[in-house]
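To start, the structure itself, in structure tokens.
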Amino acid sequence: DAKTTQPPSMDCAEGRAANLPCNHSTISGNEYVYWYRQIHSQGPQYIIHGLKNNETNEMASLIITEDRKSSTLILPHATLRDTAVYYCIVGYNTDKLIFGTGTRLQVFP
Amino acid sequence: EAGVVQSPRYKIIEKKQPVAFWCNPISGHNTLYWYLQNLGQGPELLIRYENEEAVDDSQLPKDRFSAERLKGVDSTLKIQPAELGDSAVYLCASSLLGTSGSWEDEQFFGPGTRLTVL
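Residue numbers (our numbering), protein chains in the order written: chain A, 215 to 323; chain B, 559 to 676.
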């Protein structure tokens with residue numbers, strides 16, 4: 215079973231920041247938080263991952279709370295192409311990804 | 559750089575017929591995965607290969623599903639015979655397990671094969 219809880223759906227206006235929450239209260243000390251997204255009719259795509267510190271790359275930022283029980287993926291300026299299902303996954307390595315049902319993000323004009 | 563290639567993209571078959579899916583991973587990636595994705599659900603791992611060896615096939619229904627990865631590169635996933643409940647998207651992914659024993663950061667997924675069993 216997936217070890218994360220995400221809202222089933224969210225909306226975001228184009229150009230605004232999209233903040234996607236994820237609860238992972240049972241995360242172990244050495245488990246990473248991974249985020250993937252899946253655009254319609256495509257395979258999942260890696261976005262970002264982190265252990266304890268906040269992380270940022272060209273796609274997004276990942277904010278992990280100090281107790282590591284939750285995190286937020288931030289898309290700073292959402293575009294229509296960011297409409298997708300976003301999966302938050304916890305795991306020790308990238309080889310064992312257990313996907314839940316994710317959050318369906320709809321970006322509207 | 560070419561991504562993970564899968565074929566066919568779509569397949570429609572009658573129940574009880576056999577079907578096969580093919581995957582070509584990213585060049586140099588030694589780890590290959592097959593996932594099953596039902597509508598509205600996240601992908602579920604069927605089998606994971608490290609080079610030619612299937613290191614995790616615990617979720618593969620072995621009565622009708624089989625997979626192979628000859629020479630540690632391309633892989634095929636077969637279903638024989640197919641059932642109505644096998645209708646789903648079959649995804650292939652690859653990643654790189656480094657010589658130090660640690661993985662690179664991500665799995666790279668192909669576009670999937672959408673199977674419809676009538």
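Glycine included, each C-beta is placed from N, C-alpha and C at the ideal position.
Please read these numbers as outputs of a predicted model, since none were measured by experiment.
9 Å Cβ cutoff met for residue i and residue j
{"i": "residue 607 (chain B)", "j": "residue 633 (chain B)", "result": "yes"}
{"i": "residue 654 (chain B)", "j": "residue 586 (chain B)", "result": "yes"}
{"i": "residue 675 (chain B)", "j": "residue 626 (chain B)", "result": "no"}
{"i": "residue 591 (chain B)", "j": "residue 649 (chain B)", "result": "yes"}
{"i": "residue 275 (chain A)", "j": "residue 287 (chain A)", "result": "yes"}
{"i": "residue 318 (chain A)", "j": "residue 298 (chain A)", "result": "yes"}
{"i": "residue 255 (chain A)", "j": "residue 320 (chain A)", "result": "no"}
{"i": "residue 308 (chain A)", "j": "residue 615 (chain B)", "result": "no"}
{"i": "residue 227 (chain A)", "j": "residue 323 (chain A)", "result": "yes"}
{"i": "residue 310 (chain A)", "j": "residue 603 (chain B)", "result": "yes"}
{"i": "residue 235 (chain A)", "j": "residue 220 (chain A)", "result": "yes"}
{"i": "residue 596 (chain B)", "j": "residue 646 (chain B)", "result": "yes"}
DSSP bridge partner residues for residue i (one or two, in chain order)
{"i": "residue 617 (chain B)", "result": "In the DSSP output, where bridge partners are listed per residue, residue 617 (chain B) has none listed."}
{"i": "residue 235 (chain A)", "result": "A:286"}
{"i": "residue 622 (chain B)", "result": "Its beta-bridge partners do not exist; DSSP assigns none."}
{"i": "residue 263 (chain A)", "result": "A:248"}
{"i": "residue 223 (chain A)", "result": "A:318"}
{"i": "residue 305 (chain A)", "result": "A:246"}
{"i": "residue 653 (chain B)", "result": "B:589"}
{"i": "residue 577 (chain B)", "result": "B:637"}
Burial state of residue i (16 or more Cβ within 10 Å)
{"i": "residue 673 (chain B)", "result": "buried"}
{"i": "residue 285 (chain A)", "result": "buried"}
{"i": "residue 258 (chain A)", "result": "buried"}
{"i": "residue 562 (chain B)", "result": "buried"}
{"i": "residue 242 (chain A)", "result": "exposed"}
{"i": "residue 278 (chain A)", "result": "buried"}
{"i": "residue 652 (chain B)", "result": "buried"}
{"i": "residue 296 (chain A)", "result": "buried"}
{"i": "residue 576 (chain B)", "result": "exposed"}
{"i": "residue 598 (chain B)", "result": "exposed"}
{"i": "residue 643 (chain B)", "result": "exposed"}
{"i": "residue 306 (chain A)", "result": "exposed"}
{"i": "residue 560 (chain B)", "result": "exposed"}
{"i": "residue 613 (chain B)", "result": "exposed"}
Integer Cβ distance of residue i from residue j, believed to fall under 8 Å
{"i": "residue 618 (chain B)", "j": "residue 637 (chain B)", "result": "Actually they are not in contact, since the Cβ atoms of residue 618 (chain B) and residue 637 (chain B) sit about 11 Å apart, beyond 8 Å."}
{"i": "residue 246 (chain A)", "j": "residue 261 (chain A)", "result": "About 13 Å separates the two Cβ atoms, so there is no contact after all."}
{"i": "residue 630 (chain B)", "j": "residue 564 (chain B)", "result": "Not a contact, Cβ separation roughly 18 Å."}
{"i": "residue 301 (chain A)", "j": "residue 313 (chain A)", "result": "5 Å"}
{"i": "residue 238 (chain A)", "j": "residue 218 (chain A)", "result": "5 Å"}
{"i": "residue 583 (chain B)", "j": "residue 671 (chain B)", "result": "The pair is not a contact, with the Cβ atoms about 15 Å apart (cut-off 8 Å)."}
Member of the options whose CA lies at the smallest distance from the CA of residue i
{"i": "residue 573 (chain B)", "options": "B:622, B:665, B:668 and B:639", "result": "B:639"}
{"i": "residue 611 (chain B)", "options": "B:588, B:582 and B:576", "result": "B:588"}
{"i": "residue 244 (chain A)", "options": "A:232, A:304, A:228 and A:218", "result": "A:304"}
{"i": "residue 248 (chain A)", "options": "B:665, B:670 and B:622", "result": "B:665"}
{"i": "residue 229 (chain A)", "options": "A:263, A:294 and A:268", "result": "A:294"}
{"i": "residue 282 (chain A)", "options": "A:272, A:268 and A:273", "result": "A:268"}
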